[in-house]
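Just so you know, we're using our numbering here: the sequence shown kicks off at 32 and counts up by one. We put the CB at the ideal spot given by N, CA and C, even for glycine. First the structure, in the form of structure tokens, and then the observations on it.
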Amino acid sequence: MARAEDLAGEGFVAKPSRRGDATTRAVVGREHGQAELRARREMVACGLPLVPLVLEAYGGGARFRPRVRDGAEVAADTVLGTLLGPARVLLQAERVLLNFLQRLSGIATYTRAHVRALGDSPTRLLDTRKTTPGYRALEKYAVATGGAWNHRLGLFDRVLIKDNHLAASGATRGDRLAHAVRVARHRAPGLRVEVEIDALEQLEPVLEAGADVVMFDNFSLPDLRVAVARAAGRTRTEASGGITVQTLPALAHVGLDFISTGALVHQSTWIDIGLDWV
Numbered sequence: 032m033a034r035a036e037d038l039a040g041e042g043f044v045a046k047p048s049r050r051g052d053a054t055t056r057a058v059v060g061r062e063h064g065q066a067e068l069r070a071r072r073e074m075v076a077c078g079l080p081l082v083p084l085v086l087e088a089y090g091g092g093a094r095f096r097p098r099v100r101d102g103a104e105v106a107a108d109t110v111l112g113t114l115l116g117p118a119r120v121l122l123q124a125e126r127v128l129l130n131f132l133q134r135l136s137g138i139a140t141y142t143r144a145h146v147r148a149l150g151d152s153p154t155r156l157l158d159t160r161k162t163t164p165g166y167r168a169l170e171k172y173a174v175a176t177g178g179a180w181n182h183r184l185g186l187f188d189r190v191l192i193k194d195n196h197l198a199a200s201g202a203t204r205g206d207r208l209a210h211a212v213r214v215a216r217h218r219a220p221g222l223r224v225e226v227e228i229d230a231l232e233q234l235e236p237v238l239e240a241g242a243d244v245v246m247f248d249n250f251s252l253p254d255l256r257v258a259v260a261r262a263a264g265r266t267r268t269e270a271s272g273g274i275t276v277q278t279l280p281a282l283a284h285v286g287l288d289f290i291s292t293g294a295l296v297h298q299s300t301w302i303d304i305g306l307d308w309v
């Protein structure tokens, strides 16, 4: 899809009258060349196994020799790998190849900073479904490369009852809340049932109904400590909402099983990686 977008204007309303790489076709012949992928700043490398797939999409005949593996922390100016082959293939693939690497390395690098903020805590850091449409598998891979863990891959692999589900079914408090959880367990056998709550008074009904995980959404630190103590031994616990690198150290030893944040993806920035002709 990325190749078709770049060479043929796929996805745009107005289709180009010409297709292909006009610049390379006008300037470069059948020469072979060599180029290096180089980190412009300190980073966590991610996406390197995609490079051969990108080259293949542009007609093949080019090779990639990686110098590091995904997950490696590298200093600025580190050579990540070497590209060899037809100059036209390397030049046409350059931008798309870098787009993937810069995006995924940015997520992995940003995630690693969050993991470090947790220190030696046994609490696991999770991502969310807040991902770029169509790119979830790659972005979740980048999160895992950075050292965090994947939460749900989609709507299909867990029951996660959130505030809007409870509001839509009129089950935000007391017995009706507990009943909603029991019904979910009955209707989705074999799946874990997680419930998001935003007030301490919602915790006991959820615990009584046997939820596998309780997510505490935007709880204050004092309320979070109370909630975790009440839930101890009865369910798994997760904190979400407003999680940042700055707040993670204070949450590290509260006793939570999980902390989740979509920021690992949607607040990350691209990492500068260059393709330098040798």
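Counted within 10 angstroms of its Cβ, other Cβ atoms place residue i as buried (16 or more) or exposed
i       : result
Leu-279 : buried
Glu-237 : According to the sequence provided, residue 237 is Val. The question's Glu does not apply to it. By the neighbour-count rule (16 or more Cβ atoms within 10 Å), Val-237 is buried.
Leu-86  : buried
Thr-54  : exposed
Phe-250 : buried
Ala-230 : exposed
Gln-277 : exposed
Leu-197 : buried
Phe-131 : buried
Val-58  : exposed
His-182 : buried
Val-285 : buried
Ala-179 : buried
Arg-227 : Residue identity check: residue 227 is Glu in the sequence provided, not Arg. Glu-227 is buried by the Cβ-count criterion.
Met-32  : exposed
Leu-234 : buried
Ala-202 : buried
Ala-93  : buried
Arg-119 : buried
Integer-rounded CB distance, given that residue j should sit under 8 Å from residue i
i       : j       : result
Asp-243 : Arg-155 : Not confirmed; about 15 Å, so no contact.
Ala-215 : Val-190 : 5 Å
Ala-139 : Thr-176 : 4 Å
Leu-282 : Asp-158 : Their Cβ separation, rounded to whole angstroms, is 16 Å, which puts Leu-282 and Asp-158 out of contact at 8 Å.
Ile-304 : Gln-65  : Not really, about 17 Å apart at Cβ, beyond 8 Å.
Leu-121 : Leu-114 : 5 Å
Ala-199 : Cys-77  : That belief does not hold up - the Cβ atoms of Ala-199 and Cys-77 are roughly 38 Å apart, past 8 Å.
Ser-299 : Gly-137 : 5 Å
Leu-222 : Leu-169 : Wrong, their Cβ atoms sit about 25 Å apart, outside the cutoff.
Ile-240 : Ala-263 : Sequence inspection shows Ala at residue 240; the Ile mentioned does not correspond to that position. Not really, about 17 Å apart at Cβ, beyond 8 Å.
Gly-293 : Lys-161 : 3 Å
Gly-204 : Glu-225 : In the sequence as displayed, the identity of residue 204 is Arg instead of Gly. Not confirmed; about 18 Å, so no contact.
Pro-47  : Ala-39  : 7 Å
Leu-104 : Val-75  : Checking the sequence, you will find Glu at residue 104 rather than Leu. The Cβ separation is near 6 Å, so the contact holds.
Asp-101 : Pro-80  : 7 Å
Leu-186 : Lys-171 : So it is not a contact: roughly 14 Å between Cβ atoms.
Thr-266 : Val-259 : Between Val-259 and Thr-266 the Cβ distance is about 10 Å, and since that is not below 8 Å, they are no contact.
DSSP three-state assignment for residue i, whether helix, strand or coil
i       : result
Asp-303 : coil
* Asked: For the 8 Å Cβ check, are there 3 or more pairs between the region 65-73 and the region 97-111?
  -> Enough Cβ pairs lie closer than 8 Å, so yes.
* Considering only residues of the region 219-254, which uninterrupted alpha helix (DSSP H) runs meet the minimum length of 4 residues and lie entirely inside it, listed in chain order? -> Runs of the alpha helix (DSSP H) inside the region 219-254: 234-239.
* Entirely within the region 102-174 and at least 4 residues each: give me those alpha helix (DSSP H) ranges in chain order. => Within the region 102-174, the runs of alpha helix (DSSP H) at least 4 residues long that lie entirely inside it are, in chain order, 118-148.
* Asked: Which runs of the beta strand (DSSP E), 3 residues or longer, sit entirely within the region 47-95?
  -> Segments of the beta strand (DSSP E) lying fully in the region 47-95: 63-70.
* Asked: Does the region 238-257 come within contact of the region 270-277, defined as at least 3 CB pairs closer than 8 Å?
  -> In short, these stretches touch, since the Cβ pair count reaches three.
* At 3 residues or longer, and completely inside the region 172-206: list those beta strand (DSSP E) runs for me, N to C. => Runs found: 190-192.
* **Within the region 249-291, ranges of the beta strand (DSSP E) (whole runs, at least 3 residues)** => Every beta strand (DSSP E) stretch that sits fully inside the region 249-291 and reaches 3 residues is listed by chain position as 267-271 and 289-291.
* the region 142-152 touching the region 88-98, judged by at least three CB pairs closer than 8 Å -> Counting Cβ pairs under 8 Å, fewer than three are found: no touch.
* Asked: Is there contact here, the region 255-263 with the region 121-138, by at least three beta-carbon pairs under 8 Å?
  -> At 8 Å Cβ cutoff, the stretches do not touch.
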